[in-house]
Structure formats: structure tokens, C-alpha cells
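Structure, as C-alpha cells:
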């Protein structure tokens, strides 16, 4: 077990590495050449553009490097900037999803600061003033003296811990309820404030029954004319454009290569670029790369045109899925919430996601197969969680020296070099695991896609909950009882049900130092690393070097990314879990978590303002998941405390503790009934309200607007729209993009030349499409 | 363990007792004096009435006793009568609930007849042709030779049992699906065929928010005029008439006593009846009973009038609950299925139950308290199930001889009589338990009422599921591992999770004979006893003797009862459970279950036709529960088989068996999605359909009809309507009550005089209100 000194050293290392990241960021972000990496959000919003290539030589350097030495002194001045943008402005700027996501960090602070104060003033003295550990023969550290381990068996002092468990529960639930209420209200206000958006009026209808005499479109029309005759307006049938999308994607790839070769050629006009047509450009006949790609693109263009015609005209490519639009929000809300036909698996309706949130590929999966897919993925996830170690161990066994020597004896001379040998022996097995863990979110996303969710937001939510489960079993439980999950599984199956919390409970105080280190590495340094955006930085400059020809290419090359709910949220939840579990057991751990929440809040707020460009706006639909997982963590912490205390022979406290999870679950059920519907349905009163307001303000050409709102992005691209997502996004919020006071202040800390150029280029509102 | 001989004896005893019941029934039912006990349904429908008191002396005897000896020979001829009424006619006659309830017995036959054939042709030979038991030193019987116990450890023959488990699952699921589909369709057809009924157009709105400036009625009016302006028609606010109902009930009781004393006086006019006013008429001043009751009733009548005025005028007696009616079924369906307000706990809407199905007392419980009540009752039920033995043991300990002697030493002389002593020692403890078990359904019903369900049908459904759980833990598991449930609980908590099915699995084959006896006593004799209706018979004649003055009193005195879903259905389910568990383990048990299902089907079909008068019509809303419990039984049987086989060292079969519960649960999820909505919601297409038909057929004065449809029965009684339930019921089905061919045939086997009188009295359709 680590001493306080060990932890201090670890803390120092991590603080220093975090500081290095922050300083590196502070320097890099001031360079104009990195402007598109660190401020892409402003470019996307059209409030900043690259400075035009002026001929004046004096500016060439300042275009890439910031020479204003004064700006380097204030290397932390992005922090107040990140913090001062008011919430309403931030919602306009980055959307509700991002703002609510940031509230998760705030929630962490709100929950753990009072817990920190309470536990440190009450539990630390209670724990410290014993000398159980001194009298025992076991080795112990000062940290253990501060924890529950220092209390003798069956001591009445345990009542302090029990009382604290109650305080933690009550406080956490209180904050959770307040937050749920706030978020629900924010969601409604956002909905009410939004301009006319297609998904307000539209319902996604799945499983339209087949009719041999009619096309899907006619069936839909007839059904809704009969059953919603007062409200029905128009509809769009979804067509299966998956093949077309694939062709377009291939064409885009070829186009990239063409660009690459053309730039290469223009830099060195003496030599036509040559390539090989075979696998990865390693084998095959040598051809002129530019010509080859041009013909390939030509070919693809023809194929695309043909396929497009096919999709448009072939009735078989029409899917039994349609986006049905109504005259009023009320009509759409009614249709989305009701059962249409006697057979509940036909004419399934749900509130349509935003057009850019639709995951088009999955719109064609039939209902029955969905159940099977769900079941399959459930089983697959079970095996992934509990037995993932097995294939990895298999790969690791292949990746050892004897394995490689056997499989590829010709590599012997290289392997026998000592450095290579030790590398293979030392790193390769670890790297295999690391690669798996890096791929895990992608695997989970593939699984969710296979399950057939229809919107990107739901895909991400599903991934998040699975990722959290994986982390819980393999990182949390895995670290505590040190063993792969499938070994735990067999332990648990062979153990009486009431001994499981005891087994874990005993181990918990001993693992406190491990988790403190984990928080510092993953939470502190990791978060500081996030702000540096090392990967996008490198990729952007590479793309800039090899692919960018026009301003639009550069626009494409910058990859603002998004918050990444599917991996980010489970990470935060993991800290909630650790915090709640250790709040009563080892209060020493709480400040480390507080530092994480504070740092992450600042960093991510900065990123949300300057970097991330959300792929969709789900209007905080993820909050019930967030709430549910904090509740889960709370219940887990209570059960483990029960297990721990029962091994401490504090038997009298067990019935008192038993009430904790029951109360917590009761609270959760209450919240579910009270707040969750706000995240699923559009209440008729709200819809009617907004309809009435709308009628007063304007009477738009609704049919024309809605008729083409839900078109597969492939068709939109072809129609010449630059990017449907932005298009759509701006439709709703364009009026808000005026250079606000906040934003112009933001600009102040980019150095003079850059600032001037960006000031020059602010596009006035009228300029925008 | 019992031998085949033992079972044969038990079977003989039970068959004889069943036969005695049936013969007694055959005789009693032919006596005209019992006509109202055995054929109340026909009286309620108005197709039979008592013969008028003719003066002719010759008829006095035949009025009470059937002297036609020929009719006694055909003592089983009610059986074909019970079976031949076609389903559609039965639905008209007794309602959909009863018809679907009978289908549960049929489902039992449909599931278990093929299982019987399969297991007897395959498993019995497989089991019999071993001699494991002969070589073992344990005692065994021929029954065990037919069961799985006779197969040696790790024998490949177990694959036959595994295959059979699959066949059982597939067949059961297939039948369940077919049945679910049929019932769902029957429900829709019934809805479509129904005449205009108030609940088609009405939605129950709970939790209307308080408004200081407006009455509840005005708030409701305004809200629905705004948010459902095209569809809203009218509403009725519910008032808290619980106190009024109580007064009316008290008055009714006093009235009964008054009647009793008046009849007593009229029989013996020389002596005015005297009573004591104190507790139970034992203490207190002596008064003239008739005068006393007359003044009491007078007093109550005044109180009732005052309270009625109070309820009508006091705005505080208005509950925040209203029945809101719409112009169309479509409008009502929309309102019932949607969320109205931003706060999902306000303006809660649900499809209104039938007027006679409403449980008025619970309409005033606020939402928050509902959650708490649910939680409380959940905890209470847990303790009731697992610890009910403790209070009973306590009472039993009080009810022993020493206890009584201590508490009441003056009883010593009586107790010391040997007969009394042995009675107390032998019977009293058992009787305490018996009384508890008899009270159990009442206790469960009280718990459900406390939980706040709003309709009688839902109350009964809740009770049924709890009663089933209780029976599962205390009768099924209790018999198998012989111990009170709370002892099991501690065993299970202290045992590894995977050993629980093993512990039970081992015990299962040994308990087969116990369950065979159980089926014969509870299933055979019990069912035969049901048809005798001993308790209603006695009570009717007592009432007839002491209370009945007028024809209407006699009408009231007959208590047709109803099917009693809350106790009847769990009983059937218990047989499904035993049957599925033993299908593979001891196939010998199956025919006993088949006899039960067949006998019960005939008996209950007879009762449904001739006796029961349903309290409500829920249109088979209980079927999802029935389906779910059969699935539960199936999963339990599979898990126990797994446990059993793993103790038999048939390890290879475990993974194959593991797929069984997974597939079953998958099937259940599929069915839930596919069929359950039919039992909860009114699909818009159906509603629109019926609306359209309605428009063609007639345009009734809908507002007038709906305005007073949902009035507390207390007000209706006062208004002079004889019985709101019948009133309402006849409104919908009156046209169907024409003497059908079926019914007139039915009458043939009641003897001449009775038949003539009933023929005379058939009220022509036009006569009815």
C-alpha cells in the first residue's frame, strides 16, 4: 500500500505533465497556423475565416507564427474566457446538448463539494483518533489511518459512517432532482424558443404495411388522410440509398487521392506521379496516377447517376418507412404518441429526429429482426464484457517470441536483436490490450448500429451505457478484486448471494490509493491532454500539406470533432462511482475527484466554445441516462458499504443500511415518472401553445418547407448544397449568429495580425445563405 | 414415498367425493326452491322470474320440491348443455371476460394434451427401461421407476429429456402465441361490435392542477377547450362521496335489521321484538327493535340528505379528477394516449374504465402518495410472503392450552374436559393457519385498494399476481423444500447463486406424489365442490327466511357471485406451473392435470352460463397477465430442470438447456411488443373506423347520454334507479336479450311447474327499461 509520500510524488508527476500540456496548448493556440485546429467552431459559424493570401512578404511569417511576445505571458487567460460566456449565449452558440453535457461536470462539483466538507470535518477525525492499525501487526500507511480501516471491529463509531451514508444519499438525490428539473425545463424552453424546424412537425413512421396495388407513398397518403384527416400535411418515403451512399463515398476517396497527386504534380511538374493499381499500391501494373484516378472518378460518376435514377424510380428501393409531416405541432405530437393500427407492429410512429441526426442506413430494418438483433447483441455484449480477455490472451500468445519465430522463421535475425526482443516481450502484449481498449468504443458503436437504432444520438446513448457497464465490470470490479471479469463471474456464481458485497467490500479500502493514482493519470493529465488536441493537430497539418487546394478543402480538413458522448459520459460517470463509493470509506479520495471535475469543466467548456461542432442536437435527450447512472453508482456504493460494514461486525447497522438502496430506488422511480416523459414526448399543451404563437407571428409555406426536409444526404450533396447539416442547422439559428460582445472579446487574445484578419472577414448576417 | 396403490386409493377417495358433490348438485338444482341459487344469471337477465304465489294448494309442494322422478335419472345432463352454447352467444350472454377466462382452461388442455402424448410415448419407456433404482439401496416405488430418478448418472439418455424440454417449450410458446393473437382479435371484435358505451368516448383525467380563482370544473373545461378544441365535448368532475356512501351503507344495514324484526313481528304478532342497543346486542338498554330502527333510519336519512347537499355544493368536496368526454372515439383515444402538460404528473389521462368498473373510493389519491403507497405495499407484501408464519406461530402459541389457562384461568374446568383439550391441541393451530389462508385474498385486496388502483378489474388483476407469487413461494417452493419461506430466504442468501436450482431440482422428483394428491384434493374435489355452491345456498335460504319481504328483496338475496379472477386465475396458473415443471421430470403427473382442466372447464362454463354475474367487463384486459404467468412457469421449469440435470452429472446438457430460458424470455418480449398494446390502447384506426360507422348509423344525443354516465352510484341510487350496474349493462346489450333457442332448450330440464312459471314470466323486450 502506498504512503502519503508515494501519492505526493504521483501527484507531482501528474500535475507537471498536466501543466506541460496546458503550456503547450497555450503556445500552440496562439500560432495563426493552428487557428483552425483550436478555433474551428468559429470558422464553421462563419465568424472567422483564413486571412487571404496577401502578397506582402512581411506578413508571411506572422501568418504562421505569432511573434507578439506579450501574448505568451498570459498563457492561462483562456480560462476566464471559457467561464464567462453566459448560459443562454452558449446555448445559441453550441446547442443545448453541449450546455447540458457541461452541467454533468457541474453536477459533480455540486454533489462532491458538500460531501467533501462533511466527510472531512466528521469522518476524518473519527477515523484518525483510533489506533487499531497501530496495534495490529499488519503494515499500514497514513492513508489507511484516515480511512474506515482504522476503526476497530464492532465499534459504535461506525454509526458516524452510517449517518454519513444517509447524508450522502440525501444530498445526492436532492441535487439530482434539482438538476433533472432544471434540465427538463431547459429542454422545454429550448423547444419553445426554437424557430420553425422540420422535426417539430414530423413523425417517423416505420413498418408501413405492404400493399400489392399501391406504392408505399400512396398507402401512407391514404392512411393518414383517413386517420388524421384534420392534421395531415405531407410525407416523404425513405428510399434505400445505402448503395448510392457507398458509391459517393468511394468517389470522395478517389477524389482525395486525385487531389493529392495533382498537388504533388504541381509542386514537381517535371515528374508525373506514378502508382500501382494493386492492393495498397504495392502490387499491380504501374499507371499514371492522375489519369487513372480521373477515369475511375468518371466511371464512378456514371455509376452514381445510374444508381440515383434506379433509386428514384424503382419501387423496390422504396422502404416501408416514411417521414410524415403535419399541419400543426399538435397533430405531430398526437400521431407520435398514439398507436395507429390494430397490429402494434405496423404503422409505428415516433417523434422524428432532426434531419442531421437520422442514421439513414438503419431505416430499412424490419421490426421482427429488430428483436432478434437486440437479443443477439445482448448476448454478444455479455460475452464481450466477461470473456474479452480470452481472444486477447490468444493474440498475446501468438505475439510472443516463440510464436513469431515459428510462424515466420525468416524474421529470426531481426528478432534476435536484443532491443527488438525486449520490445516484443515487454510491450507487445500490453499493446494488444491497449489497441483492443481503443477499439472498444468503435466495437460498441458497431454493435449499436447492428441493433438498428435510427438516430445518431440514440446510437451514442446506447454505446455510452454499454461502455459504462464494461468499465464497471472490467475496470472498477476488475481493479478491486483483481481478476478478469469471467473469473469474477464464476466466483460470484459459486458464492452465496450475500457474500458478494462482502468480498468486494473488504477489498475496497485497500484499493483507495490505486484509484487516487487512476484519477490523476486518467482524470488530470488526460483532461489536460484533451485540450491540446494532438491528433487533430497532426492530421490537420498533414491534410493541409497533401490535400488542400481550395478554401473549401481547408474547411473540410479541419476536424472539429464533437464531445463524444459515447466515451466521455461513461468516463465522468466512473468518477461519480468512485467518488460515491469512497465518500464514506476513504474520504481522502474526494478532493482528487473535485480537481478532476473542476479541471474538466473548464477544459470542456473551452472546447465546446471554440472547438467542437455537434453532429446533432438531441435537446439533452441523454439526461435520463445520466441521472440513472448516478443513481446506479449510489446504489452500488450503498450495497458495498453494507458488505464492508458486515465484515466489520457492525451488525446492528445492517438493517439501517438496508433502507438506503430501497429509498434510493424509490427516489429513482419517482423521478422517472416525474421527469422522464419530458425527454420522450412533446406534451400537447406545449405543442398547442407554440402552434398558437406561430399562427400569430407568421404563416409560412409549411408544405414547401417540409416536403424536402428529410432527404437522404446523398441526394442533397448532388443537388449542390455544400453540406446539408450546416444548411439545416443554420436554418434554425442563423439569426443568432451576430458577433456578440462575448465573441469579440474572445478575439482579443489572438494576436494582432490574426485578429485583424479575422475582424476583416466577419461575414455580415445578410451575406449568409 | 407413495406407491401406485396409495395413489389409486387417494384417487378413488377423491373421485367418489367429486361424484358425491356432482350428484348432490344434480339433485339440488332440480328443486324449484333452489332455482335462484343455481340459475341466478337468468333471473338477472330477466329471462326467469319466481312463480307468482298462486293460491292453489296442489302447487305448494311442487313450488319447493321437484317431484318429477324422471328428471333425477339424467343427473349429468347439464354437461352437454354447458358445452354446446356457441362462443358468440356466450359472449352476448356473459361478456367477453368470462369467455376469455374459460379459454384459460382450454389453453391448459391444448398445451398439456400433446405434451401428455409426447412424454408418455417417449419419456416413460426411456425412464422405465433402466434399473438404477433396483440396484440402489434406497427404497423406491413404481412411480419413481417412471420418473427421471430411474436414469443412472451421466447417462446419454438425458438427451431425451433435454429434447423433450425443447418440445415442451416450443409447443407451449406456439399455443401461447396463437391464444394471445386470438384473444387480442376477440377483444377488438368485441369493441367494434359493442353498441354506444360511455367509456368509448371518455377519458379519466387525474391530478387536475389547483387553481385558486376557478373551480375544478372550470379549469377542466378551459384546458380541454384549448388543447382539444376540435374534439372536446363535456366532462364530469368526481366528488368525494365516500362519507355519503358510508352513510348509505349504514342505512342499508339498519334497513335489513328493520326488515328482519318486522318479519319476526308479523309471524308472531303477540310479541313486539326487543333488542339491546349496546355492542352486538349483548349489552345496553332494552328497546323496541322496530321503533329503534325506524328512528335510526330516519336520523340517517336526514344525515344523508344533508351530506348530499354538502357534497353537491361544497367546492372542497370536488376532487381534482374528472371524466372528460369527447365527440368522437378518435378524440378520446388521442387524449388517453398522449401527455397533456409539461409536468407529466398533472393532467394524467387514461382510458376510462366502464362506469360499473370504477372503484370510486380511490379516485382522490394524489400522485405522489401513490408512489409511496406502492413502495409501502411492495415492502408489506415481501414481509407477508416471507414472514407470514411468524405472527401465525405467535397466535398459535397463544392458542395452546397453557396459554389459554394462563390468560383465562376461569376457563380451566372446560379445558380440562378431554375432548375439548384434544380439540384445542389438535385443531386450533391448524385452524389459525386455515383462517389466515382464507383471509389472504381479502388481505391482498385491501393492500391493492390501499395502493390506489382506480378500477375493480385492475384491483383484481393486482391481487391475482400477488396471490400467485404467494402460492409460488409458500405452496410450491414450500412443499418442495419443506420449510417456511423465510427459512428458504436465508438458505438462498447463504448459498451460491447456482446451487439454488440444484437444491430445488433434487427435491422435485421426490415430491411428485405429493403434488398428485394435491391436484386431486384441490383440483378435482374442489372444482366439483364449486358447482354445489354450498355457501350461497345456505345464505340464500337464511336470507329468504329472515329478510325477504318483496320480490325485490329476493332478487337481492340471491348472490350470483362472479368468477373471482383474483383467486381463480392463480389457482389455474398453479396447475400450469406444476404441469410444466413435471412434464419432463415425472410425466405420470400430467393426466391428473388434464382431468383437472377438463373438469374445471365444464364446471366453470356451466357456472358462467347459469350463475355468475360479472361485476364489470374489462374486455379481457387480464390476458397479458395470464400469458406472462405461463411464461414464468415455463422459465421456472427450465431453470429447475437445469438444476436437476446438473446434479445428475449430465454436464454436457447444461449449455443446451441454458438456451431454453433465453429463448423463452425472447419470445415473451416479442409477444409483449406484438400483442400487449391491444390490451392497453385503442388504436386510432379502429377508433376512426367505428366513428365512421357510427356516423352512418345514427347521430345520438351524445352529450345528454355522456353527461351523466359517470355518476357516483350513491347519487344514482338516490335518483331512484334500481341498480346502476344493471341499468348500464342493459343499455349496451339489451337488444341481445331475446330468448334464444339455446336458452329455451336450457329450460327443458327444469321440471314442469318451474318451467311453466318461467315460460310465463319471460319479460318481452319492450317491457324492459
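Protein chains in written order, with the UniProt record's numbering: chain A, 1 to 769; chain B, 1 to 769. The C-beta atom is built at its ideal place from N, Cα and C for all residues, glycine as well.
Contact list for residue i against chain B, beta-carbon separation under 8 angstroms
| i | result |
| --- | --- |
| residue 670 of chain A | 368 and 371 |
Contacts that residue i makes with chain A (C-beta to C-beta distance below 7 angstroms)
| i | result |
| --- | --- |
| residue 686 of chain B | 342 |
| residue 375 of chain B | 666 |
| residue 681 of chain B | 339 |
| residue 230 of chain B | 230 |
| residue 674 of chain B | 344 and 345 |
Residues that residue i bridges to, as DSSP identifies them
| i | result |
| --- | --- |
| residue 349 of chain A | A:205 |
| residue 239 of chain A | A:318 |
| residue 455 of chain B | B:358 |
| residue 101 of chain A | Partner(s): none; residue 101 of chain A has no beta bridge. |
| residue 234 of chain B | B:325 |
| residue 287 of chain B | B:275 |
Under 8 angstroms by beta carbon: chain A residues contacting residue i
| i | result |
| --- | --- |
| residue 334 of chain B | 334 and 338 |
| residue 601 of chain B | The contacting residues do not exist; residue 601 of chain B stays about 29 angstroms from chain A at best. |
7 angstroms Cβ cut-off: residues of chain B touching residue i
| i | result |
| --- | --- |
| residue 227 of chain A | 684, 685 and 688 |
| residue 677 of chain A | 339 and 344 |
C-beta contact flag for residue i and residue j at 7 angstroms
| i | j | result |
| --- | --- | --- |
| residue 585 of chain B | residue 509 of chain B | yes |
| residue 237 of chain B | residue 217 of chain B | yes |
| residue 770 of chain A | residue 575 of chain A | Here chain A covers residues 1 to 769 and nothing more, so residue 770 of chain A does not appear. |
| residue 337 of chain B | residue 685 of chain A | no |
| residue 277 of chain B | residue 287 of chain B | yes |
| residue 537 of chain B | residue 37 of chain B | yes |
| residue 633 of chain A | residue 588 of chain A | no |
| residue 41 of chain A | residue 610 of chain A | yes |
| residue 285 of chain A | residue 261 of chain A | no |
| residue 672 of chain A | residue 259 of chain A | no |
| residue 640 of chain B | residue 431 of chain B | no |
| residue 21 of chain A | residue 526 of chain A | no |
| residue 307 of chain A | residue 247 of chain A | yes |
| residue 573 of chain B | residue 468 of chain B | yes |
| residue 111 of chain B | residue 182 of chain B | no |
| residue 472 of chain A | residue 385 of chain A | no |
| residue 480 of chain A | residue 511 of chain A | yes |
| residue 621 of chain B | residue 565 of chain B | no |
| residue 710 of chain B | residue 382 of chain B | no |
| residue 627 of chain B | residue 176 of chain B | yes |
Closer than 9 angstroms at the beta carbon, the chain B residues around residue i
| i | result |
| --- | --- |
| residue 211 of chain A | The contacting residues do not exist; residue 211 of chain A stays about 15 angstroms from chain B at best. |
Interface positions of the segment 186-207 of chain B facing chain A (Cβ-Cβ less than 8 angstroms), listed along the chain: 188
Contiguous beta strand (DSSP E) assignments of at least 3 residues, all confined to the segment 535-617 of chain B: none
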